[in-house]
Structures are given as C-alpha cells and as structure tokens.
Amino acid sequence: MLRFGQRYWVYFFPIVFLVYVMLSAYQIDFRAFYVAARSVLLELDPYLNPVTQHPELYAAINAENAVASGFIYPPLAALFLLPFGLFDYPTAKILFGVVVIVSLISLCYGLTQGDRKDPTQDPIQDQTSMIPGEAFLFITCSFPLLATFERGQIDLLVVLLTWLSFDAYYRRKNIPFSAFILGIATCIKIFPAVVLIYYLGKKQFKLFFASIASIVILFFLPLLCFKVSVYQHFFQFVLPKVFGTITHPIPVDVHGQSVVNNVVKAIEGNGMLASQDFANGFMNPLLQNNTIGCFITGLILIAILLKVTQKKEISYQIYAIFTTINFFNPRAWIMGLVWYIPLFLHLYPNAKTTSQKGILLLPLMMPPFTNLNGFLAYAIAIGFAFIPPFMPMSHPFSKPRSAPISL
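Residue 460 in the numbering used here sits at position 81 of the sequence shown, and the numbers go up by one each step.
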C-alpha cells in the first residue's frame, strides 16, 4: 500500500473536488440512509416515513410527504448504517464520505495487486502490466464519481465487497470467506447477487450454494432486531405490484419543510443543494421501473457475455458481468457506472492507441443525460474481447497461487 501511495497519490487529487461536491450537497440518497439509521435507533420501522413524529427526520425528494421513508435497501443495510445515526447530519455526511473515499482507493489498490501477469512480481515494479496513473485521474474526474458524492450513494463500497469476494475465491480458494463477503454485499444492495448467475453458469456449485446460504442467513438475521412487519414493508417497497403498497395509520405531516429553487428548507440540511445535476440520466432507460423486463434482459445479456468471453481470462469475464448489473436495476442512475471501474482498470494498461483509450473512457465521461453510459460499458465488454491486444493471456486469476480452479 505504501508503494501504491508513493506512485499514485497525485492522481487522486481530484478527490478534493468530490469533497467539495459532498459538502455542498444535501445527498438525497444518503439522507434516506441516515433517516433509516435514526429510525432504528428510535425503535421505529426504517421503511416508514418518521417525519410526522420526528420533524427533524424529513427526507427531501426521496420521501417528502410519502408514507415510505425512501429507504429501499434490505433490512441488514439499516443495521450496517446504524453508526451514522449516532451523529448529527453534517458530521454523518463527512464520515460517510470518508468511507466512500476509502472504498474507492481500496478498490483501485486491490486491482493493481490482482491485475498483473506474474503473481510473484511486485505490481508497482511490474512495468508490463502497471496501471497508468492517468487511469485513476480519469476515474476521480468521472460522472459516476461526481454523482456518487452528489447523491451520497453506497455503490463503491458494494463494488469493493463484491470484488473482494471474487478475489478471495479465485486467488485464495477461500469459499466460506468469499460467500460471506458476497452475502454482506448483497444484503446491503441486492444487485451483487447477479454474479451468482455467472458462478452457476461456470458450474462453481460449491461457491454458488455457499453464497446462497450466506445471503439467506444474513438477510433474515435482522429478525433478531426487527419485527416481521419491517420485512413486509421492504417487500412492499421493492415489489408493490406483488405485495401491495405501504400504508401507515398516521397521516404524514412535513411541518412546512420543502425544497425551494433546488435549496433544502428543513430542520436538518437547511440551505444545502438538493441536486447539482450530475446524476441527470438513467442507465437502463428502456426498462425503467420494469422489474421483470430488467431481469429477463439481464439474463440475456449475461448469456451473450458468457458465450463471447468464454476464452477470456477469468477476471475479464467477471468484470464484464459487472457491466450487466445496471440492466437488472429498474432504477439505475449514473452512480451505478462505478461497476465499470474494474473492467476499465483491467483494460486500460493494454490500450495501445489513443482511440482505444478514448473508447474505454466513454462510459465514464459521456454526459449522463444521454442515457448511453450503461450501454457503452456493456458494448466495451463485448467489443474488446475481439481486439488482439485484449485476447486471452496469462493471468493470475486463471493460475491461482495454489491448485488451479477449473472453469
């Protein structure tokens, strides 16, 4: 880590601008996390809007005067976020920002360790596979990162956990740890479960069933703290057409709090910007709010990837699968493009022409309002599998340090 910092620290300087965005933004997504955490501390249901009884827990945009609180993640996520509820909102925002920054740097560091040709070679000294510093600079200046800090999203941490799960299995053959980490990632945000489709397709049954068991146990573990009604409200929020809509016997009163000219007027977060327009775009616009359509489309896209990349190294395959996760999400915004970062850092060192580098940058730099970023990331996962510099090569994930895993 020390050598990584010495070589690359200057390329992470744009984090200063991300911090500025964070401090001036209301962070509507983190606000929903924070309200859920505070609700748990107050022994309330994290999926119900608490603003009537607790005016300070008003959540602009995501909840407003709705019955639901705007928190859409599994119950374990509410417990995971609990420590942030112990602080006032400005302090909690800063602490959450630190977690996101650490997740970003840890992911980048992990990828420099994993993506090298010789697993015995120091990646910082291995000039043949070293990731250029400019790649990290581009990431920190990208729209997905700007939107992540504007909205206060948790995707970077979830990507890191999912990658750690992959690394634990394919480099260290540690099935229990890999399944446990993937279970945590899935119970924070559902979509990491998509990689299970890949493991099943590759007949990695031990990892598949261990991960399923981990997810089920961790998903229902919060029943030790929550009532069954909390789970009922979660399913109602996620699948209202199946489980019905959330109801509450008490009318919702926001006590005059609102958003005026994009500025929050509220007890907490007063004067902060509700939006800075970095997240103005959908990654799956054709199937927005169509859960079944997204699931079917995602399966088809994964099937195509498995066919096209079957001769590629394992890391290419799994990073390509990451690009399909946004197609499973009926509410995918630009923040979800952080799932493209592993594939980008995997491919960028081998890009030999300016044109290739420019193409790799498109999903990160294309303005979100075009709604093309997600499609571009998937197209790159398909297209670069056929470009000669990116054809199969020796790779540590296909030759683990111990006995190889056959795929």
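In this text, a Cβ means the ideal position worked out from N, Cα and C, and glycines have one as well.
Can the beta-carbon of Y468 be found closer than 8 Å to that of L652? Translated into positions along the sequence shown, residue 468 becomes position 89. Translated into positions along the sequence shown, residue 652 becomes position 273. The answer is no: Cβ separation not under 8 Å.
Distance, Cα to Cα, F392 vs L540? Walking along the sequence shown from the start, residue 392 turns up at place 13. Walking along the sequence shown from the start, residue 540 turns up at place 161. Inter-residue distance for F392 and L540 is about 24 Å (C-alpha atoms, whole angstroms).
Nearest-angstrom beta carbon gap, I510 and P728 [assumed within contact, 8 Å]: Along the sequence shown, read from residue 1 onward, the residue named residue 728 stands at position 349. Along the sequence shown, read from residue 1 onward, the residue named residue 510 stands at position 131. Their Cβ separation, rounded to whole angstroms, is 5 Å, which keeps P728 and I510 in contact under 8 Å.
If you reduce the DSSP assignment to three classes, tell me which class K644 lands in. Along the sequence shown, read from residue 1 onward, the residue named residue 644 stands at position 265. DSSP places K644 in strand when its eight states are reduced to three.
Sort L397, S403 and W388 by Cα distance to G648 and report the nearest one. As a position in the sequence shown, residue 648 is number 269, starting the count at 1. For the set L397, S403 and W388, the Cα lying nearest the Cα of G648 is the one of S403.
Does the Cβ of G384 have 16 or more other Cβ atoms within 10 Å, making it buried, or fewer, making it exposed? Here residue 384 refers to the residue found at position 5 when the sequence shown is read from its first residue. Residue environment for G384: exposed (fewer than 16 other C-beta atoms within 10 angstroms of its C-beta).
Let me make sure I understand the geometry here. Which of E435, K620 and F475 has the alpha-carbon closest to that of V414? Numbered from 1 along the sequence shown, position 35 holds the residue referred to as residue 414. Minimum Cα distance to V414 is reached at E435.
Cβ pair count under 8 Å reaching 3, the region 581-592 against the region 420-430: No, the region 581-592 is not in contact with the region 420-430.
For the region 546-581, list the beta strand (DSSP E) runs that are entirely contained and at least 3 residues long, ordered along the chain. Listed in chain order, there is nothing to give.
Reduced DSSP secondary structure (H/G/I, E/B, other) of S637: Taking the sequence shown and counting its residues from 1, one reaches residue 637 at position 258. Residue state, collapsed to three classes: strand.
Spatial neighbours of F748 in its chain, beta-carbon cut-off 7 Å, leaving aside the 5 residues before and after: On the sequence shown, residue 748 is found 369 positions in, with the first residue counted as 1. Excluding residues within five positions, the ones whose Cβ falls inside 7 Å are N659 and G660.
What number of angstroms, rounded off, separates the C-alpha of F598 from the C-alpha of V609? In the sequence shown, the residue the question calls residue 598 occupies position 219. In the sequence shown, the residue the question calls residue 609 occupies position 230. Straight-line spacing of the CA atoms in F598 and V609 works out to 12 Å.
Roughly how many angstroms lie between the CA atoms of Y390 and A514, to the nearest whole one? What you label residue 390 is simply residue 11 of the sequence shown in a count that begins at 1. What you label residue 514 is simply residue 135 of the sequence shown in a count that begins at 1. Rounded to the nearest angstrom, the gap between the Cα atoms of Y390 and A514 is 8 Å.
Looking only at its own chain, which residues have a Cβ that is under 6 Å from the Cβ of S593, when we skip the five neighbours before and after it? Walking along the sequence shown from the start, residue 593 turns up at place 214. Here the set comprises A558, F559 and G562.
H725 burial status per 10 Å Cβ neighbour count (16 or more: buried): Reading the sequence shown from its first residue, position 346 is the one you call residue 725. Buried, by the Cβ-count rule.
So who's on the other strand from A404, going by DSSP bridges? In the sequence shown, residue 404 corresponds to position 25, counting from 1. DSSP, once it has assigned bridges, lists L652 as partnering A404.
Within this structure, are the beta carbons of M401 and G464 separated by less than 8 Å? Mapped onto the sequence shown, residue 401 falls at position 22. Mapped onto the sequence shown, residue 464 falls at position 85. Taking 8 Å as the Cβ cut-off, M401 and G464 do not qualify as a contacting pair.
Can you find at least 3 beta carbon pairs, one from the region 478-491 and one from the region 443-450, that sit closer than 8 Å? Not touching, per the Cβ criterion.
For A447, which three-state DSSP category applies? Start at 1 with the first residue of the sequence shown, and residue 447 comes out as number 68. Assigned with DSSP and collapsed to three states, A447 falls in strand.
Would you check if the distance between the CB atom of I700 and the CB atom of Y577 is smaller than 8 Å? Your numbering for residue 700 matches position 321 in the sequence shown. Your numbering for residue 577 matches position 198 in the sequence shown. Less than 8 Å separates the beta-carbon of I700 from that of Y577.
Cβ-Cβ separation, C673 to F622 (assumed contact under 8 Å), whole Å: What you label residue 622 is simply residue 243 of the sequence shown in a count that begins at 1. What you label residue 673 is simply residue 294 of the sequence shown in a count that begins at 1. Not a contact, Cβ separation roughly 18 Å.
Among I394, I697 and K606, which residue has its Cα nearest to the Cα of K581? Working through the sequence shown from its first residue, we reach residue 581 at position 202. Taking only the C-alpha atoms, the option nearest K581 is I697.
Given a cut-off of 8 Å on the beta-carbon distance, is the pair S482 and L516 in contact? Position 103 of the sequence shown holds residue 482. Position 137 of the sequence shown holds residue 516. No, the pair does not count as a contact, with Cβ atoms beyond the cut-off.
Which class does F657 belong to by DSSP, given the choice of helix, strand or coil? Here residue 657 refers to the residue found at position 278 of the sequence shown. In this structure, F657 counts as coil in the three-state DSSP scheme.
Per DSSP, what are the beta-bridge partners of W712 in this structure? For this step, residue 712 is matched to residue 333 along the sequence shown. F661, per the DSSP bridge assignment.
In this structure, how does DSSP classify L460 when only helix, strand and coil are distinguished? If you number the sequence shown from 1, residue 460 lands on position 81. In the structure shown, L460 sits in coil (DSSP, three-state: anything other than H, G, I, E or B).
Just how far apart, CA to CA, sit A457 and S654? Looking up residue 457 in the sequence shown gives position 78. Looking up residue 654 in the sequence shown gives position 275. Those two C-alpha atoms are separated by around 24 Å.
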